[in-house]
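What follows is a set of notes on a single structure, which appears directly below.
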Amino acid sequence: MKRLSQAVFLSMTALVLNVQAAAPDNASAQAGERAREIWHQQIEGGYQTLSEKAGEFAEHSRHWCADPATGSRSDVEQAWQQAFMAWQAVRFVDFGPIETDNRAWQLQFWPDPKNLIARKARYLLSADQAPTTDTIAGAGVAVQGFPMAEYLLFDEPFNRGDQALPAERSCQMLTAVASHIAANSEQQLSDWRAFEKHYIASEQYQDASVRAGMNALEILEERRLAQPMGLRGTGKRSAYVADAWRSGKSLATVEATVRGLKTHYLPGLELLLENSGQPGLADRIRGQFNEVLENFPALDTPMAPLLADDREFSRLQGLWVDVSQLTTLVNDQAAVAVGVVRGFNSSDGD
Numbered sequence: 014m015k016r017l018s019q020a021v022f023l024s025m026t027a028l029v030l031n032v033q034a035a036a037p038d039n040a041s042a043q044a045g046e047r048a049r050e051i052w053h054q055q056i057e058g059g060y061q062t063l064s065e066k067a068g069e070f071a072e073h074s075r076h077w078c079a080d081p082a083t084g085s086r087s088d089v090e091q092a093w094q095q096a097f098m099a100w101q102a103v104r105f106v107d108f109g110p111i112e113t114d115n116r117a118w119q120l121q122f123w124p125d126p127k128n129l130i131a132r133k134a135r136y137l138l139s140a141d142q143a144p145t146t147d148t149i150a151g152a153g154v155a156v157q158g159f160p161m162a163e164y165l166l167f168d169e170p171f172n173r174g175d176q177a178l179p180a181e182r183s184c185q186m187l188t189a190v191a192s193h194i195a196a197n198s199e200q201q202l203s204d205w206r207a208f209e210k211h212y213i214a215s216e217q218y219q220d221a222s223v224r225a226g227m228n229a230l231e232i233l234e235e236r237r238l239a240q241p242m243g244l245r246g247t248g249k250r251s252a253y254v255a256d257a258w259r260s261g262k263s264l265a266t267v268e269a270t271v272r273g274l275k276t277h278y279l280p281g282l283e284l285l286l287e288n289s290g291q292p293g294l295a296d297r298i299r300g301q302f303n304e305v306l307e308n309f310p311a312l313d314t315p316m317a318p319l320l321a322d323d324r325e326f327s328r329l330q331g332l333w334v335d336v337s338q339l340t341t342l343v344n345d346q347a348a349v350a351v352g353v354v355r356g357f358n359s360s361d362g363d
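Quick note: the sequence shown, position 270, residue 283 per my numbering, numbers continuous.
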């Protein structure tokens, strides 16, 4: 009888220990699922804005090119900027439907060290057949996205030539590119919505989501800021290796990306950190996002003049330091806290 009591006691003890061990795992799984629900909802909102703004850009392009005398080029340029900044806000998402048919590259071909965008534009504008939506769809990613539209609208040598907008052939190409961007943006929104159940149910996307923000911050620090500033690569300052240099919106894209990460990425990460017993780290990261954004709107200016003047360059240095500190908090501290190991980054164009 004594042995039986001991056996029952040991069995009950083992059961209690198993329940206690399972409880944190269940809480962690529930927190992960809730984080993925938050991420999906936030990112869907970002894609919704992108789809709306891309549609408006396509509509403004068609309207102006149909009747340049009564339309407004500035409206087209503003619509391009609003759609492009909406893309910057969700640019960090590097998994799921955005991987379909290189859709991210279709929306933004960058980096472009060989200036393929200008070369492709000259080729298509001198071809026997006028550019159409079918032409753009089959012409490759360098032709299909925001940078090509930026070239047509903002490239100074091009717009001093006889093909400058609103020349008929150039307008045909602009409207075709804008239509392609709008169609891709609409399809991305639809695909992301359809992706919801699989995304939320699959634990693998927790790590993928965390890494997406990590990769975006690393690219922002190293390639979108440090490289043009001459802190990496050749060691020479050059605005031409930044994105959106033709429109002078390189720094505006930085702000849009940081705001997008704060809005669409940070809430899910905060929940995971709080579940891991790190609410203080979550607060520090939110504070550092605010620190980076305090550099704007003073830095909503073309990068080239800041690179050319040593006194102005210090403003860029301040921004870079703030971004570097944010990257360290997320990539080195938050990632460890939530158990994410840094993986290969396939989003940097290498």
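For each residue, glycine too, the CB sits at the ideal point set by N, CA and C.
Source: prediction; values computed, not measured.
Where the alpha helix (DSSP H) through residue i begins and ends
{"i": "residue 136", "result": "129-139"}
{"i": "residue 333", "result": "323-340"}
{"i": "residue 210", "result": "209-214"}
{"i": "residue 220", "result": "217-232"}
Local Cβ density within 10 Å of residue i, reported as buried at 16 or more and exposed below that
{"i": "residue 253", "result": "exposed"}
{"i": "residue 151", "result": "exposed"}
{"i": "residue 128", "result": "exposed"}
{"i": "residue 136", "result": "exposed"}
{"i": "residue 325", "result": "exposed"}
{"i": "residue 266", "result": "buried"}
{"i": "residue 288", "result": "buried"}
{"i": "residue 260", "result": "buried"}
{"i": "residue 229", "result": "buried"}
{"i": "residue 104", "result": "buried"}
{"i": "residue 40", "result": "exposed"}
{"i": "residue 292", "result": "exposed"}
{"i": "residue 283", "result": "buried"}
{"i": "residue 74", "result": "buried"}
Same chain only: Cβ atoms within 7 Å of residue i, ignoring 5 sequence neighbours per side
{"i": "residue 61", "result": "202"}
{"i": "residue 243", "result": "249 and 250"}
{"i": "residue 143", "result": "182 and 185"}
{"i": "residue 353", "result": "220, 223 and 224"}
{"i": "residue 149", "result": "156, 157, 189, 190 and 193"}
Cut-off 6 Å between Cβ atoms - residues of its own chain near residue i, not counting five sequence neighbours on either side
{"i": "residue 344", "result": "227"}
{"i": "residue 138", "result": "176 and 182"}
{"i": "residue 159", "result": "97 and 121"}
{"i": "residue 34", "result": "Reliability of the predicted coordinates at residue 34 is poor, the pLDDT of 41 falling under 50, and the value obtained from them is presented with this limitation in mind. Nothing listed; no residue qualifies."}
Rounded separation between residue i and residue j - CA only
{"i": "residue 82", "j": "residue 313", "result": "31 Å"}
{"i": "residue 166", "j": "residue 80", "result": "16 Å"}
{"i": "residue 43", "j": "residue 189", "result": "46 Å"}
{"i": "residue 197", "j": "residue 298", "result": "33 Å"}
{"i": "residue 213", "j": "residue 45", "result": "9 Å"}
{"i": "residue 342", "j": "residue 281", "result": "15 Å"}
{"i": "residue 86", "j": "residue 77", "result": "7 Å"}
{"i": "residue 59", "j": "residue 264", "result": "20 Å"}
{"i": "residue 218", "j": "residue 49", "result": "8 Å"}
{"i": "residue 206", "j": "residue 175", "result": "44 Å"}
{"i": "residue 111", "j": "residue 172", "result": "32 Å"}
{"i": "residue 118", "j": "residue 193", "result": "13 Å"}
{"i": "residue 339", "j": "residue 302", "result": "7 Å"}
{"i": "residue 122", "j": "residue 311", "result": "28 Å"}
{"i": "residue 255", "j": "residue 113", "result": "25 Å"}
{"i": "residue 240", "j": "residue 246", "result": "6 Å"}
{"i": "residue 269", "j": "residue 290", "result": "30 Å"}
{"i": "residue 84", "j": "residue 179", "result": "11 Å"}
{"i": "residue 98", "j": "residue 348", "result": "27 Å"}
{"i": "residue 126", "j": "residue 155", "result": "12 Å"}
{"i": "residue 336", "j": "residue 141", "result": "48 Å"}
{"i": "residue 237", "j": "residue 209", "result": "31 Å"}
{"i": "residue 211", "j": "residue 233", "result": "29 Å"}
{"i": "residue 88", "j": "residue 163", "result": "14 Å"}
{"i": "residue 322", "j": "residue 294", "result": "37 Å"}
Own chain residues within Cβ distance below 8 Å of residue i, not counting five before or after
{"i": "residue 331", "result": "308"}
{"i": "residue 199", "result": "64, 67 and 68"}
{"i": "residue 300", "result": "none"}
{"i": "residue 108", "result": "218, 221, 222 and 225"}
{"i": "residue 273", "result": "59, 101, 102, 103, 104 and 105"}
{"i": "residue 131", "result": "164, 168 and 171"}
{"i": "residue 124", "result": "236, 254, 256 and 362"}
Test: residue i CB closer than 8 Å to a CB of chain D
{"i": "residue 118", "result": "Absence of chain D from the displayed structure is noted, only one protein chain being present."}
Would you mind listing the alpha helix (DSSP H) stretches within the segment 263-302 that are 4+ residues and don't spill past its ends, in chain order?
263-273 and 279-288
Quick one: which unbroken alpha helix (DSSP H) runs of 4-plus residues sit fully inside the segment 145-171? Chain order, please.
146-150 and 159-167
Sequence ranges, alpha helix (DSSP H) only - wholly within the segment 78-123, length at least 4:
86-103 and 116-120
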